[in-house]
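Heads up: the structure comes next, in structure tokens.
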Amino acid sequence: MASIVDIHPHIISDDVTRYPVAPLGGKRSDWSKERPSTVESLIAAMDEAGVAKAAVVHSSTTYGFDNSYVLDACAEYSARLVAVGSVDVTLPDAPATIRACVGRGLAGLRLFTGGSTKAFDPGELEDARAYPAWEMCAELNLPMCIQTGPIGLPQVADLAKRFPTVKIILDHLGRPDVTDGAPYAKAQSLFDLAALQNIYMKLTPRIFDDMQKGDASAETFFPKLIETFGAKRLAWGSNFPSSKGTLTEILAAAQAGLQNVNEEDRAWIFGRTAQELYPALA
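Per the working numbering, the sequence shown runs over residues 228 to 509.
Structure follows, in structure tokens:
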């Protein structure tokens, strides 16, 4: 069986002196207080679940733009982990900051435009001051994760067109409304992104949970998603420990949701796509 790779776990240090809490916007996420997981805890959870490697996503709602912990921790476990960090891409020194972080092992970036602690602001995706940072991503072949909802998808499309060589990974599948069921007309703005070949999707617990809501079903949604985007542009992410449950339970739920998908497509979703996005995980 192909190696399982997780592209969306988080880690929180238990050393607040070395890694002080300074959340983006001043509000810390509840999960990071209630269910913190150190890098050592993540490695143990990966071992238990059978997850070989991971791209660890910096917690902006804990550390703001201070990537120290994710960089230090992933460097310590570089055989299994790579770091995905966050910088203020609107600052003039953002390109230099990105290059410096790459020197410390940064493998990708993430834009947090909303989520657990604030409403989505698509305006953050339209700020031309960020373009030099995007150009640095293109130069260094860094993928860019974007955390937004349906409100930000037009801006995501514009960025994908403006920076066609930057791989854009949409966190939580862009949070589509799937409650209407097949053919999922409410999620059409998500499916419309498929024509942009540099846009990839993360399948996280949110979408698997949504399969239990309204008229949605895993049997109708995931085949449509794979037919539209192709499994090579889809990757599983646990959102552990932000999502409730053990990593083993979260992985099992995803595998159950994709049980009717063929083995080749599952191999891409649970590992190969991640290794294409983050070659250090291959």
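Virtual Cβ for every residue (Gly too), placed ideally from N, Cα, C. Since the model is a prediction, treat every value here as computed from it, not as a measurement.
Unbroken alpha helix (DSSP H) run spanning residue i, endpoints
i    : result
Y427 : Unbroken run through Y427 is the beta strand (DSSP E), I426 to L430; no alpha helix (DSSP H).
L478 : L474 to G484
I453 : A445 to F456
T288 : S287 to Y290
Y411 : No alpha helix (DSSP H) holds Y411; DSSP gives it neither H nor E.
Residue i and residue j closer than 8 Å at C-beta
i    : j    : result
V284 : P236 : yes
G342 : A310 : no
T265 : I234 : no
K388 : L423 : yes
L417 : L400 : yes
W258 : S465 : no
V393 : C364 : yes
L397 : I426 : yes
A360 : I325 : yes
T289 : R255 : yes
G457 : K345 : no
L352 : G376 : no
Among the options, nearest to residue i - alpha-carbon criterion
i    : options                   : result
D241 : A483, K260, A229 and E275 : K260
Q382 : P349, A334 and P370       : P349
A282 : I231, T244, R356 and A323 : I231
A300 : A501, R245, P410 and K413 : R245
E366 : P322, R356, A507 and I373 : P322
D492 : M371, E454, D385 and E267 : E454
A409 : A501, A327, P450 and D315 : P450
L298 : A334, Q374 and A272       : A334
Local conformation of residue i per DSSP, three classes
i    : result
R337 : strand
M438 : coil
K280 : strand
D257 : helix
Q502 : helix
V266 : helix
V232 : strand
L397 : strand
G252 : helix
Contact belief for residue i with residue j at Cβ below 8 Å, rounded distance in angstroms
i    : j    : result
L504 : V278 : Between V278 and L504 the Cβ distance is about 16 Å, and since that is not below 8 Å, they are no contact.
S305 : F339 : Their Cβ separation, rounded to whole angstroms, is 24 Å, which puts S305 and F339 out of contact at 8 Å.
T317 : D293 : Rounded, the Cβ-Cβ distance is 17 Å, inconsistent with contact.
P432 : A480 : 7 Å
L485 : I496 : 7 Å
V405 : F448 : 6 Å
M438 : R460 : At roughly 20 Å, the Cβ-Cβ gap does not stay under 8 Å, so M438 and R460 are not in contact.
Range of the contiguous beta strand (DSSP E) that encloses residue i
i    : result
L380 : Unbroken run through L380 is the alpha helix (DSSP H), L380 to R389; no beta strand (DSSP E).
G312 : L308 to G312
W495 : Looking at the DSSP string, W495 is not in any beta strand (DSSP E), and its letter there is neither H nor E.
L374 : Correcting the residue type first, residue 374 is Gln in the shown sequence and not Leu. Per DSSP, Q374 belongs to the beta strand (DSSP E) from M371 to Q374.
A462 : L461 to W463
Interface flag, residue i vs chain C, CB-CB below 8 Å
i    : result
P359 : The structure shown contains no chain C; it is built from a single protein chain.
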